[in-house]
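Engineer: Heads up: the sequence shown begins at 1 in the working numbering, then just goes up one per residue.
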Amino acid sequence: MHPVLFEIRIPFSEVRILIYSVFFSITLSLLVAILLGTRAAQQRGLSVDAALNMTLCGLVGLILGARIYAICENPSFYLAHPLRIIRLWEGSLATYGGAIGGVLACALYLRLKKQPLFDYLDVYAPYGFLGLGIIRVGDFLNGTAFGKRAELPWAVRFPKDSFAYKYHLHKGWLESGATSSLPVHPTQLYEALLSLFLCGALLLWFRSGKRAPSGVAFLVGSLCYAVFRFPIDWLRQDLNTSLPLGLASTQWVGMGVALGVACALFVRYRCQQNRSLPSV
């Protein structure tokens, strides 16, 4: 676990700048989205300026959405510890909150600039998933979003003072002198692999030249993410499963996202069919 990825020492002084894994992964994911997404937008004849500005708006929306989701999920904690709202390195970014906030911010900007929303979402969808994968690797390095106990060859142990270690110690599963947590599912890496798979699948789809209504690539990717994220959340230890049916809030939100996206896909295809019908 490396919550502090590296540090920068200022010459001729004792000042050190700490580079946190979470911040680094978010920054790297943004750079990936800007560079690759902008190039793809240019290749499709979309406005580069609009693409760049949309990305920046999306980042602001992502961070705000993630924190608002976290506050709504655990309001009593953040009321008692308000400074934790801005201390992003001490908690995982809520994916659904960030995704919803980011998409809404992008949609608002594109609507104001009268740009084709779904065309831009399609272009950026693969790189959005790539960025999510990078962020989840940052979560792994930070030790957040950890999984349940597991006896598997690929199970991981987090070091002393990690989130998993403190949780296991609180539960009485560890002795006070233990140097690491018990083996747990690397759920952060599960989601990172899912995100990378979706990124690759969408890029292969684009390269195949198969035509579909604008927005379908983004919607299909979002639907697949929501469906396959659901079982991963069963394996996470840090989620509150006291909601109805023993589901976590992310699973309920995921079902809502899947339902909404499925309806949007139906509408997109129906609109395409209606346009292709000959006039009488």
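We put the CB at the ideal spot given by N, CA and C, even for glycine.
Using CA coordinates, which residue listed in VAL216, PRO183, ALA248 is at the minimum distance from PHE158?
Structural biologist: Nearest C-alpha to PHE158: PRO183.
Engineer: Pick from ILE85, GLY98, ASP122, PHE266: whose alpha carbon is nearest that of THR250?
Structural biologist: GLY98
Engineer: Classify SER180 as helix, strand or coil using the three-state DSSP reduction.
Structural biologist: strand
Engineer: Can you give the Cα-Cα distance for GLY143 and HIS185, rounded to whole angstroms?
Structural biologist: 12 Å
Engineer: What are the boundary residues of the alpha helix (DSSP H) that GLU191 is part of?
Structural biologist: 187 to 208
Engineer: Check whether the stretch 31 to 42 and the stretch 117 to 127 touch, using three or more Cβ-Cβ pairs below 8 Å as the test.
Structural biologist: yes
Engineer: Do you know whose CA, among ALA80, ALA33, ALA105, LEU35, lies nearest ILE63's CA?
Structural biologist: ALA105
Engineer: For VAL261, count neighbouring C-beta atoms within 10 Å of its own C-beta (all shown protein chains included) and say buried if the count is 16 or more, exposed if not.
Structural biologist: Buried, because 16 or more other Cβ atoms sit within 10 Å of the Cβ of VAL261.
Engineer: Could you compute how far the alpha carbon of VAL220 sits from the alpha carbon of PHE12?
Structural biologist: 54 Å
Engineer: Using DSSP with H/G/I as helix, E/B as strand and the rest coil, what is ARG270?
Structural biologist: helix
Engineer: Would you mind listing the alpha helix (DSSP H) stretches within the stretch 15 to 55 that are 4+ residues and don't spill past its ends, in chain order?
Structural biologist: 21 to 32, 38 to 43
Engineer: Is the distance from the Cβ of LEU28 to the Cβ of ILE134 below 7 Å?
Structural biologist: yes
Engineer: Mind checking whether GLU191 and ILE232 have CB atoms under 7 Å apart?
Structural biologist: yes
Engineer: Taking C-beta to C-beta, are ALA258 and ALA226 nearer than 7 Å?
Structural biologist: yes
Engineer: Is CYS263 buried or exposed, if buried means 16 or more other CB atoms sit within 10 Å of its CB?
Structural biologist: exposed
Engineer: Which residue comes first and which comes last in the beta strand (DSSP E) that contains ILE8?
Structural biologist: 4 to 9
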